[in-house]
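Scroll down for the structure; my scribbles are underneath it.
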Amino acid sequence: MFGFTRANQAALGKMSDRVQASLAGVRVVKSFALEDVELASFQEVNREYLKRSLALARLRGAMFR
């Protein structure tokens with residue numbers, strides 16, 4: 000379970016970093032019309048976090064019935 004929790008926290012950290020970087024560079028993104036690229040990048044990181052969160056939830060559900 001520790002491994003799942005650690006992976007989940009790592010995925011959350013990556014997603015948080017992605018959001019922070021996007022907000023810091025919003026002028027650059029807008030000036031070069033890279034909104035679609037940024038959205039695709041965030042969606043990829045977000046999907047990974049969702050996958051890790053669901054795996055952890057399944058494990059917790061199986062352990063604490």
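According to numbering that gives the first Met the number 0, the sequence shown is numbered sequentially starting from 0.
Just so you know, even glycine gets a beta-carbon here, dropped at the ideal spot from N, CA and C.
Quantities reported herein were computed from a predicted structural model and do not represent experimental measurements.
Residue i by DSSP, collapsed to three states: which one?
i, result
"Arg64", "coil"
"Met14", "helix"
"Phe31", "coil"
"Gly2", "helix"
How many Å lie between residue i and residue j at the Cα?
i, j, result
"Arg51", "Leu38", "20 angstroms"
"Arg64", "Phe31", "51 angstroms"
"Gly60", "Met0", "11 angstroms"
Buried or exposed for residue i, going by 16 or more other Cβ atoms inside 10 Å?
i, result
"Leu55", "buried"
Considering only the alpha carbon of each residue, which of the options lies closest to residue i?
i, options, result
"Asn45", "Val18, Arg26, Ala61", "Val18"
"Ala9", "Tyr48, Ser21, Met62", "Tyr48"
"Phe41", "Thr4, Asn7, Ser15", "Ser15"
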